[in-house]
Structure formats: C-alpha cells, structure tokens
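Inspection log for the structure reproduced underneath, given as structure tokens.
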C-alpha cells in the first residue's frame, strides 16, 4: 500500500489488509482547542495523526481518520473550555463515539484497535468507550484486542532532560508550551508563528476546580507555560523517542510479527 491512511485506500485494498494476520488500526484522537496566539486550533489532532502515521509505518498498521473534537478543555490542563476557539463534546458523546467506531472496526475484521490520544482531557472517556467495545466484541470472539495510549507518556527521561534542561514541570502544564510547539515546528512549521509566543512564567494553578470557570485564574495567552524555548530540533528528539517507544510497546503487546512491519 502507498499510504497508511485508511481514507486514502479503495475498498478492495482495505479488504485485503483486513485479511492479514494481526490486522491493526490506529485511531488518533485530538481536539479543536486554542493553543495560544502562536499555533492553530488543530494542534492536538495534527500531532496525534502524524505520530500515528509514523508508528503505523513501523508496525504495519493503518491509521483511521482522526477524532478532531475532544472532551472539554479544563483550566488546569488546557486553559479552559470558556476560551474562544475551543469546541468540545461531552464525556457521554466521547464514550459513544469511541465505542461505536471501535466496534465497527472490529466487526469489519480488525484484530487490534489502538487509540492514540493527543488531548489530555480525553483519556478516561476513551477508556470507557474502548473497554465497552472490546467487551462486546469478545463476547462473540476471543481475538479482539484494544490499546489506549497518550503519546507524551512515551517520552523517556533522557529526552525530557535534554528538552527541558531547567527541569520538567509536568505534562498538564505543557499546554501550548515547549512539547507541542517543538513538535509542530518539526511537523508543521508553516503553522507556527514564534514571533507571537507570549513568554510568561508557568501558570500557578490550584489543585482543585471551580464552577463556573474563572478566566482570570489562567494566563491570558491561553498557554499554561511558555513556548519560547521550543525548537524543531527538540521536536525531532521528542518525535523519535515517541515513535520508537510506541512501536516497541505495540509490537510487544500485540505480538505483531516483524514481517508485518514492512508488509506495505
């Protein structure tokens, strides 16, 4: 196959892939969410799609169309759902979307479904939907398997130390910061305007949430930390680390044969 993206394939080629042993589809998930004045609203979806494609090439998988809407942005991890440009779905909707799409892929014949999360707030709702879909599928067959991964969890300590030489403050505060901006500078440099980065100290956030959201509790930039130190070189380090670790984990967990990695 010339493309790992499912939407690029004709139905016959798709059916041939489904007939393989250990057929695997990766569903990237993201959000439509503000990422400060220097990056577009589609960052989460763009990054999860690009990483999914790179991993698919390594393990012989296909990549499904990305989920471009995610669960509500929260002040302590995404700046807040009140911000202009952030367009969200409810947790219930997210659960049902994942359950229905995963279930359809399994019914068509996929052995493995991997959901690659690119939006911090999505995780638990994807978990519920994926768990439900796999449970239903295994009621009639025993081979169906699912894996849920957030790509940032696969950045190793050595890469973290190199990318954040002054210390790493945590993934939740990285919204619109060095991680996402560096990856975008590598993968979509034309969509990043570093001259518009707002350089401010990391947000000082409470360890609890209040309702309704208070816009004054998070930086006006919409970012929770500064992206001033982001570079494409750091993006390359992060991308290489994540790609390799994700592929290795999936090959191990799903027992993918080495031959399938170059099959297409």
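Residue numbers (my numbering): 1458 to 1721.
Glycine included, each C-beta is placed from N, C-alpha and C at the ideal position.
It should be emphasised that the depicted structure is a prediction, and the values quoted were computed from it without experimental measurement.
Where residue 1555 falls: helix, strand or coil (DSSP): Your numbering for residue 1555 matches position 98 in the chain shown. The answer is helix: DSSP assigns residue 1555 an H, G or I state.
Under the three-state DSSP convention, the category residue 1720 falls into: Counting from 1 along the chain shown, the entry for residue 1720 is found at position 263. Confidence at residue 1720 is low in this model, with a pLDDT of 46, below 50, so its placement is unreliable and no value can be given for it.
Proximity winner among 1513, 1712, 1530 and 1641, relative to residue 1630 (alpha-carbon distances): Looking up residue 1630 in the chain shown gives position 173. Out of 1513, 1712, 1530 and 1641, 1530 has the C-alpha closest to the C-alpha of residue 1630.
Beta-ladder partner(s) of residue 1462, from DSSP: Taking the chain shown and counting its residues from 1, the one referred to as residue 1462 is at position 5. Within the DSSP secondary-structure output, residue 1462 pairs in a beta bridge with 1520.
For residue 1672, three-class secondary structure by DSSP: As a working mapping, residue 1672 is identified with position 215 in the chain shown. In the structure shown, the three-state DSSP call for residue 1672 is helix.
Three-way DSSP call (helix, strand, coil) for residue 1583 in this model: Position 126 of the chain shown holds residue 1583. If DSSP states are grouped into helix, strand and coil, residue 1583 belongs with the helices.
CA-to-CA distance, residue 1470 to residue 1680, given in whole angstroms: As a working note, residue 1680 is residue 223 in the chain shown. As a working note, residue 1470 is residue 13 in the chain shown. If I take the Cα positions, the gap works out to 43 Å.
DSSP three-state assignment for residue 1692, whether helix, strand or coil: Start at 1 with the first residue of the chain shown, and residue 1692 comes out as number 235. Reduced to three states, the DSSP call for residue 1692 is helix.
Cα-Cα separation, residue 1708 to residue 1601: Counting from 1 along the chain shown, the entry for residue 1708 is found at position 251. Counting from 1 along the chain shown, the entry for residue 1601 is found at position 144. When rounded, the distance between both Cα atoms is 16 Å.
Buried/exposed call for residue 1724, threshold 16 Cβ in 10 Å: One cannot answer for residue 1724 here, as it falls past the ends of the chain, which runs 1458 to 1721.
Short Cβ contact (8 Å threshold) for residue 1522 with residue 1463: Here residue 1522 refers to the residue found at position 65 of the chain shown. Here residue 1463 refers to the residue found at position 6 of the chain shown. Yes, Cβ-Cβ distance for residue 1522 and residue 1463 is below 8 Å.
Local conformation of residue 1667 per DSSP, three classes: Here residue 1667 corresponds to residue number 210 of the chain shown, with the count starting at 1. When secondary structure is reduced to three states using DSSP, residue 1667 falls in the coil class, being assigned neither helix nor strand.
Run of the alpha helix (DSSP H) containing residue 1603, from where it starts to where it stops: What you label residue 1603 is simply residue 146 of the chain shown in a count that begins at 1. Counting along the chain, no alpha helix (DSSP H) covers residue 1603; the unbroken beta strand (DSSP E) around it starts and ends at 1602 to 1607.
Strand pairing of residue 1545, partner residues [DSSP]: Mapped onto the chain shown, residue 1545 falls at position 88. Under DSSP, residue 1545 takes part in a beta bridge, and its partners are 1527.
Those residues which DSSP pairs with residue 1483 across a bridge: Stepping through the chain shown from its first residue, residue 1483 is reached at position 26. In DSSP, residue 1483 forms a bridge with 1520 and 1571.
Alpha helix (DSSP H) segment containing residue 1641, residue limits: Numbered from its first residue, the chain shown carries residue 1641 at position 184. Start and end: 1635 to 1644.
Outcome for residue 1459 when other beta-carbon atoms lying within 10 angstroms are tallied against a minimum of 16: As a first step, residue 1459 must be located in the chain shown, where it is residue number 2. A residue is called buried when at least 16 other Cβ atoms come within 10 angstroms of its Cβ; residue 1459 does not meet this threshold and is exposed.
Cα-Cα separation between residue 1710 and residue 1569, rounded to whole angstroms: Mapped onto the chain shown, residue 1710 falls at position 253. Mapped onto the chain shown, residue 1569 falls at position 112. For residue 1710 and residue 1569, the distance between alpha carbons rounds to 10 Å.
Straight-line gap, residue 1549 to residue 1612 (C-alpha atoms, nearest Å): For the purposes of this step, residue 1549 is taken as the residue at position 92 of the chain shown. For the purposes of this step, residue 1612 is taken as the residue at position 155 of the chain shown. Looking at the two C-alpha atoms, the distance is approximately 30 Å.
Per-residue DSSP class, three states only, for residue 1489: As a first step, residue 1489 is located in the chain shown; it is residue number 32 there, counting from the start. In this structure, residue 1489 counts as strand in the three-state DSSP scheme.
Whole-angstrom distance between residue 1597 and residue 1684, CA atom to CA atom: Position 227 of the chain shown, counting from 1, holds the residue named residue 1684. Position 140 of the chain shown, counting from 1, holds the residue named residue 1597. Residue 1684 and residue 1597 have their C-alpha atoms some 49 Å from each other.
Whole-Å CB distance - residue 1487 paired with residue 1632, under 8 Å assumed: Taking the chain shown and counting its residues from 1, one reaches residue 1487 at position 30. Taking the chain shown and counting its residues from 1, one reaches residue 1632 at position 175. About 13 Å; that fails the 8 Å criterion.
Residues of its chain near residue 1644, where Cβ-Cβ distance is below 6 Å and the 5 sequence neighbours each way are ignored: Residue 1644 sits at position 187 when you count from the first residue of the chain shown. Result list for residue 1644: 1507, in chain order.
C-alpha distance - residue 1591 paired with residue 1467, whole-angstrom precision: Translated into the one-based positions of the chain shown, residue 1591 becomes position 134. Translated into the one-based positions of the chain shown, residue 1467 becomes position 10. C-alpha separation (whole angstroms): 26 Å.
Between the CA atoms of residue 1662 and residue 1642 - distance to the nearest angstrom: What you label residue 1642 is simply residue 185 of the chain shown in a count that begins at 1. What you label residue 1662 is simply residue 205 of the chain shown in a count that begins at 1. Using only the alpha carbons, I get a separation of about 27 Å.
Exposure label - residue 1687; buried when at least 16 CB within 10 Å: Here residue 1687 corresponds to residue number 230 of the chain shown, with the count starting at 1. Flag for residue 1687 reads buried.
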